[in-house]
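Contents: one structure, followed by commentary.
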Amino acid sequence: MPSLGLPIYGQQSGLDARRWRTLEEHDAGAPPASREFQPGADLAPEGLGRRSFLQLLGASAALGGLAACQVPREKLVPYVRPAAGVVPSVPGAYATAASDRGYAVGLVVTSWEGRPTKIEGNRDHPASLGGTDAIRQALVLDLYDPARLAGFRHDRRDLSWGAALAELGALARAHEKDQGARLRFLVEPTSSPTLADLRARILRRFPRARFDAWSAFGEGQAREGARVAFGRPLDAVHAVGAADVILSLESDFLAHDGDPLRHGREFAARREPANLNRLYVAEAGFTVTGGAADHRLRMRSADVLGFARAVAAELAGRHGLGALAPLGAPAAGPHAKAAAAVAADLARARGRSLVLAGAAQPAAVHALAAAMNDALGNGGKTVTYRESVVFDGAGGGVRSRLGALATELRDGAVDTLVVTAWNPLHTAPAELGLRESFPEVRSSIVLAYREDETVRAARFRLAQAHFLEAWGDLRARDGTATIVQPLVAPLVECTTEVDLLAAFAGVGQLGAYRIVRDGWRARAGFGPPPPPAAGREAAASPADTNRGVPRDPFELRWEEWLSAGLVREGAPAPATVALDAERVARAIAAVPAPAAGLEARVVPDARLLDGRHSENAWLREFPDPVTKLTWENAALLSPATARRLGIASGDEVELARGGRKVVGPALVVPGHADDSVTLPAGYGQRVQGAVGRVAGFDAYPLRPADDPPFAAGLEARPTGRRVLLAITQGHFTMEGRAIALAEDASRLGEAAHRLDELRGAQPTIHAPADYSKEEYRWGMAIDLSRCIGCGACTVACQAENNIPVVGKDQVLRSREMHWLRVDRYYEGSPEDPRSVSQPLACVHCEAAPCEYVCPVNATVHSDEGLNEMVYNRCVGTRYCSNNCPYKVRRFNYLDYRGTVAPSLKILQNPDVTVRARGVMEKCTYCTQRIERARISARNVGRKIGPDEAVPACAQACPAEAIVFGNLNDPASRVSRLHGDARRYDLLHELGTRPRTAYLVKVRNPNPELA
Amino acid sequence: MSTAQKTLEEVHELEGPPVLVGRPGDRALTESLLEPVLGRTRRGWLLLLLALGGGVTFWLISLGATFAIGIGAWGNNIPVAWAYDITNFVWWIGIGHAGTLISAILLLFQQKWRTSINRFAEAMTLFAVAMAGLYPIIHLGRPWLFWWLIPYPSTLQVWPNFKSALPWDVFAISTYATVSFLFWYLGLIPDLATARDAARDRARRVVYGIMAFGWRGSARHWQHYRIGYLLLAGLSTPLVVSVHTIVSFDFAISQLPGWHTTIFPPYFVAGAIFSGFAMVMTLMIPARRLLGYRQVVTERHLENMAKVMLATGLMVSYGYVMEHFIAWYSGNAFEQFAFLNRWEGRYRAIWLAQLFCNVVAPQVFWFRWARRSEVVLFVVSILINVGMWAERFVIIAVSLTRDFVPSSWANYAPTWVDWGLLFGSISMFGTLFLLFLRFLPAIPIFEVKELRRELEHGGPGVHDAGPGHAVEEVRS
Amino acid sequence: MRAWVLGEFEREAALLAAARTLRARRAHAPERGSAADMKLDLHSPYPLHGADEALGLRRSTVPLVALGAGVTGALGGYLLQWWTAGVDWPLNVGNRPPHSAPAFIPVTFELGVLFASLAIFLGLLFAYFRFPRVHHPVFEVEAFRSASIDGLWLSAEVDGAQAEAIASDLRALGARQVSIVGEALR
């Protein structure tokens, strides 16, 4: 295959077989992976080989530069599980990391003969623990985006990398004379040690140059809060799992703030009746975290500080935490009772409680939260502080980050501006005037992945490599580092931030690989690298080990790092802190009292963040976890506010604030705070691709010039026009049906006998088929108590099963293809409801209504109990869908595949059939993964292990809410959950005997607030 | 005149208006009944054909779009995977049933008044079934594979699933189409011979001669012919009942609220006859005006058909009531919601239209004047056609919009292709019918002659009668 | 050489009477054996009541044919379903038993009806009527066209030598016009 230009990594990585064995056995209990095919495995290759070959052909046809791009000769080490090396048709898995607001999220990426197809979380990585979110799942789609930037242009001249490097070098030299006084860098906040080194080098060379860090929704306020409280900008690391009582001050810590994946895992573990925690969330918009709360206290973002102070006052007054006295202020208004109850709860759980503040909240709130945690004795128990490993420039709010640079640009004090931050012209507040001043910069250099506003305005444009094509490194919040290793040679002419900065540091010719590797050699305390030539050889040819040439000792360490995806060395220890209450008090006092009037909240979108994922079709079509809105954003507001303003869902509204106007659709969200409008940012960019152009409006103009990103004074009036919003769920109440059940922990006892009517055997004419003799009886259990409704499973399923994107108009016709949807139901008043999320895919009924109505036997039952869909037998009567009470079947109404760009075709998972027009499809329990497990088990004549066959949804779920396994194995987790007291069957009365069981969601409300 | 008039009044006294006006001689009768076939083309007929041609074009375009783009060209979605396609299918197949009923069941019951309209009705059946038969094929996601529903030893080695109602449909519809055609053609043979012999130009003689297979009215043939015809009628009768029963199974055997109902078979059959008679009426009233069939298709026929519509209309209404009662009585929340949704849901208007057209409108037929007024009959029969289409839409699509799991609820909106396939098929149906009226004897001539004998001599039996050259002719 | 003697009558009664007489002669006058192989037939635009009796036709066997075909169809239909679903490839479809009789009823019934109907139609046309036969000798007589419009005809297929005799008999029996079609003439 390499002839096609896609290198097959690992084949040339020359792994030491012995080390392999031990690791493999240790990890999967599998035998030594040998290079020859095992019996059974030798059937697949031709077919799959051919398939991959054709796909690669398609790819090379699409990407002209493909054949041209160089195969790096460096040596990569595959992740050690599950597959050894690369056997054709057996996917390899490699550890790497993606950046989430500068921090590492450890990933394991599946690669088919050099084609990355699926991203999964790295079980051992502290920021992932194996889980992933929708965004991380969707990143692989960007790699094959035919619209991504390629090549290097300077003033409309296309350059080779060599030429570009030369020009950059020249440019750098030109700045040496004035020590870089007119040289500026605008970068993303990042924790990369390599980039830190390069910055240091550059500043040594250009002492008067400066680095600024910018991203629209950073954690500046959090670190600023820490600076206020403890004198240094520290990162708070929250041990959510250790807390019995959690108060979130508008912190969406389950989906966005901090380490959401780790939080989700720890939080979910505390939602089982045995050891329930209790979560209070004070927030304006309805977030994933709010949905998981036991008590959700809706209030405008500006009122959160007031509420926090009320709690502090209660803690000080009633519960003797005198330290908080100067910070607290007695509550006035609707939430006084709540504040008292929350305080009491927190006080009862000293050292086992936790207060978190949201990234959007001002520094004072973060400081107050720190003070409360301090007073409650949570420090070191549920919250620890660490020296921030992220380079955040000046930190703080918008002004302190960009103010200086903006002024310099306006004054023409900058000759060369190097931008690696994402599209600042779109995200920076207009008051700073970047749009006007940036084009004036003599040489503006922008490194970007896609054409955007900033790229358009730049003189010197560099195409950025996807992180799956690039060498680099990142740290997690706790300092653990991960080497970012590429899985594929760049599909187009592109470069990396490392290479770009290296050019200014004067080491551009080394290349990212050498720079990263040598950097770590130094950090790990090894001697200077052997002379390049020798080093190259050592690295390049696997043969040398066999030739007995003494190996570079660093090599072993390096390989371990790469294969494990973790570097534990050099992780800073937790910081010891001392609270400065006065400063906190001053900071709180400095916060202006909340102004009256309609509040505008510009927030990072759940799918696009600040807009950087705007061109990702998977994310665009991924329904917002709360509103279920796809493809676009809308002004979210509460029913009461909507009534007051005379606005209905789908009305186009004109929103004006501070002389700026935007026009977009409104969407009424139950449970949203009154007098507040949430505006997800990132849509409606001035320069967009085919995907971004579909829909959405730009909310940034309404963002205040400085943090916090919310402020009162918004005016909203309907324009009279209507917008059709593509929402995948039209009906949010259960109509009193037993669909997604939730119960208070206290009433779980009574609930049990009611649940008995929703499970167990039912009278039936035909005796149920007996599966007890079978070796495997596959089944699934979904714990609604664990599920936080983030929707990662939906995108994971899409990536795994080649599920097409259908576009807004098709979603409007309710023809979305997601096999796995996450339903959301509201209970209680539309003003202030509670919500339940319910992932729903094919439940594989043992008496499946869909099967007996199919005229051509295209959907039948396997002897292991899978409800199988035979695509090439299906003629498309759609009778099965009509008769499916769960409506989980999806139909290819159009040829959703024929239009896919060739480059995207090589993204397809070769294990999964690509469905044609007119064919029905649905969840298969990832039967291809079951078969893979079966093959590897059969090869050595053992049974499939308990966690060996894991569907994509279960694998991705950060909360481990989805469990899959063999119901005939009493030891398996799934059979235990099927026997759980909270287990019930969806639509049990129909007698379909679903293989997917649900577990009732448990709520733990505070009796004092009942 | 005198004799004819006299008998006319007598008959009036006895059994309302006559089933045959006047006593034309056989030759005269033959000439008048073959006039539309052997005579010259009428302008009105041409214009009508042209008008329908437009509709047919629309139909063809819609079909093309369906095949080229896929079912996605329609408004169907998930959950509403069946909508106009199956609605049209059930509607057409229902319409077809009246033809078989008239020609078969009424024949068995020796209903004299059936005679003049049966072929007309059979032709309607044939064309309606042709239209209906189209939808099960084009509604497939992969229509080019429709034959996978037929059991044959395929390389896939898979057989159809006979537990599904769709293969039942395949057999029911194809059998129904075949038998209807055989029945219709068998009835045509003697009249084709008549046309052959009455035709003056060679072309017609040859064509009709071939189509008549060489029928020579031999008594030895008549003997087998009559028994065979009667047997076909006897077979068609349970067949027609079975076909719509099976069609109703498509829904009854599922478990969707609004579909899962045991009352469907009788209720569907009644509905079928209801809509079928309405369609016969819709076609017959203009036809008897334009083609001068007044003497053979009399007020009596219209009145009896009106009565049948009234009766079946009441049965259908009973079905509606029963559905609601069962929904309430069963205590099944899903079922109850499905029926509440008809009254309060988004498609309320269609449901109310259905009630008006199918329940309210036919009640005028309690009055004789309504049963005898062509205008009222025509209007009401049109209303019933609309109403029965609405009924099928409400049952099929509206039930699908709201089923068990609320999160999957969605609404349905048709596209221009959906409309094209509905109105296009109506135009195609009309076109086929016009061609039938022009080229085939629409009234069974030999049966009318036989009827005339029976009327003159009080039923069958040997009697001394001639072809009646002597008797004066009364033409309308 | 065979010949067909055709006679048209005014009234049904006369026609039937003539038929009866000729039959009687054939039966009771064996010495005129030539008439013995005479084949009588009547032609009318609509079925004549009493024609069967006049010609002494036996009861039609069409019902038996229909019954046989119907039973065959139904049986075959059920066997087809039983074998394909229950024997050749039994599948677990919605936990229904592979061979489930109730579900097989519709197809069984439909196939029964289909076979019976086809048997009747094809049987009549090709077995009983021996169709297609568009050049039957009786069509040689132009006047015979009335047979499908308003004419009542009697046809006797006899040995050529007997033709004249039968013709005169027919005239005697009141035929309006009589004509003879001989094979030679065709």
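Residue numbers (the numbering used here), protein chains in the order written: chain A, 1 to 1010; chain B, 1 to 476; chain C, 1 to 186. The beta carbon of each residue, even a glycine, is placed where N, CA and C say it ideally should be.
Which residue comes first and which comes last in the alpha helix (DSSP H) that contains residue i?
i: LYS905 (chain A); result: 902 to 905
i: SER103 (chain B); result: Run containing SER103 (chain B): none; DSSP gives neither H nor E here.
i: ILE350 (chain B); result: 348 to 355
Against chain B, with Cβ distances strictly below 8 angstroms, would residue i count as a contact?
i: PRO90 (chain C); result: no
i: ARG23 (chain C); result: no
i: ILE180 (chain C); result: no
i: PRO31 (chain A); result: Residue placement at PRO31 (chain A) is poorly supported in this model, since its pLDDT is 36, which falls under 50; the coordinates still yield a value, given next. Chain B contact via Cβ: absent.
i: GLY5 (chain A); result: Confidence in GLY5 (chain A) is poor, its pLDDT being 32 and thus under 50, which makes the residue's placement unreliable; the coordinate value appears in the next sentence. Output row for GLY5 (chain A): interface = no.
Output yes if chain C places a C-beta closer than 8 angstroms to the C-beta of residue i; else output no.
i: TYR700 (chain A); result: no
i: ALA172 (chain B); result: yes
i: SER242 (chain B); result: yes
i: TRP144 (chain B); result: no
Short check: CB of residue i to CB of residue j, under 8 angstroms?
i: ALA916 (chain A); j: ASN883 (chain A); result: no
i: ALA742 (chain A); j: LYS1001 (chain A); result: yes
i: ARG23 (chain C); j: GLY73 (chain C); result: no
i: ALA270 (chain A); j: ASP294 (chain A); result: Reading off the sequence shown, one finds Arg at residue 270 (chain A), where the question assumed Ala. No. Outside cutoff.
i: GLN1017 (chain A); j: ALA581 (chain A); result: The shown model of chain A, from 1 to 1010, leaves out residue 1017 (chain A), and the question about it has no answer.
i: LYS349 (chain A); j: TRP214 (chain A); result: The displayed chain sequence assigns Ala, not Lys, to residue 349 (chain A). Result no, Cβ atoms of ALA349 (chain A) and TRP214 (chain A) do not sit closer than 8 angstroms.
i: MET388 (chain B); j: TRP91 (chain B); result: yes
i: ALA93 (chain A); j: GLY106 (chain A); result: no
In the DSSP assignment, find the beta strand (DSSP E) that holds residue i and state where it starts and stops.
i: ASP473 (chain A); result: 472 to 475
i: ASP169 (chain B); result: Note, ASP169 (chain B): premise wrong, no beta strand (DSSP E); alpha helix (DSSP H) at 165 to 198.
i: HIS324 (chain B); result: Here HIS324 (chain B) belongs to no beta strand (DSSP E); instead the alpha helix (DSSP H) covers 299 to 330.
i: MET38 (chain C); result: First-last for MET38 (chain C): undefined, no H or E at that position.
i: GLN838 (chain A); result: 834 to 840
i: MET869 (chain A); result: 867 to 869
i: PHE460 (chain A); result: 460 to 463
Tell me the rounded alpha-carbon separation between residue i and residue j.
i: GLU931 (chain A); j: GLY76 (chain C); result: 41 angstroms
i: VAL507 (chain A); j: ASP197 (chain A); result: 12 angstroms
i: HIS26 (chain A); j: ALA336 (chain A); result: For HIS26 (chain A), the predicted structure reports a pLDDT of 35, less than 50, and the residue's modelled location is therefore unreliable. A value from the coordinates is still provided. Those two C-alpha atoms are separated by around 56 angstroms.
i: VAL304 (chain A); j: PHE710 (chain A); result: 12 angstroms
i: GLY468 (chain B); j: GLU454 (chain B); result: Unreliable positioning characterises GLY468 (chain B) in this predicted model, as indicated by a pLDDT of 42, which lies under 50. A coordinate reading is not provided.
Should residue i be flagged as near chain A, meaning a C-beta pair shorter than 8 angstroms?
i: ALA96 (chain C); result: For clarity, residue 96 (chain C) is Arg in the given sequence; the question names Ala instead. Yes, ARG96 (chain C) counts as interfacial toward chain A.
i: LEU14 (chain B); result: Here the model assigns LEU14 (chain B) a pLDDT of 46, short of 50, so the residue's position is not dependable, and the following value carries that caveat. It does not: the Cβ of LEU14 (chain B) has no partner Cβ on chain A nearer than 8 angstroms.
Is it the case that the CB of residue i approaches a heavy atom of the ligand NAP more closely than 7 angstroms?
i: ASN802 (chain A); result: This structure does not include the ligand NAP; it has no bound ligands of any sort.
Along chain D, in chain order, which residues have C-beta atoms closer than 8 angstroms to that of residue i?
i: SER881 (chain A); result: In the displayed structure, chain D is absent; the protein chains listed are A, B and C.
Taking any Cβ of chain C, which residues in the region 369 to 396 of chain A have a Cβ under 7 angstroms from it, in chain order? none
If contact means a Cβ-Cβ distance below 9 angstroms, which residues of the region 141 to 159 of chain C contact chain B? Under the 9 angstroms Cβ criterion, the region 141 to 159 of chain C contributes PHE144, ARG145, SER146, ALA147, SER148, ILE149, ASP150, GLY151, LEU152, TRP153 and SER155.
At a Cβ cut of 9 angstroms, what residues of the region 839 to 852 of chain A count as close to chain C, listed as they run along the chain? CYS845, GLU846, ALA847, ALA848, PRO849, CYS850, GLU851 and TYR852
Got a sec: which bits of the region 65 to 79 of chain C sit with their beta carbon under 7 angstroms from any beta carbon on chain A, in order along the chain? Residues: none.
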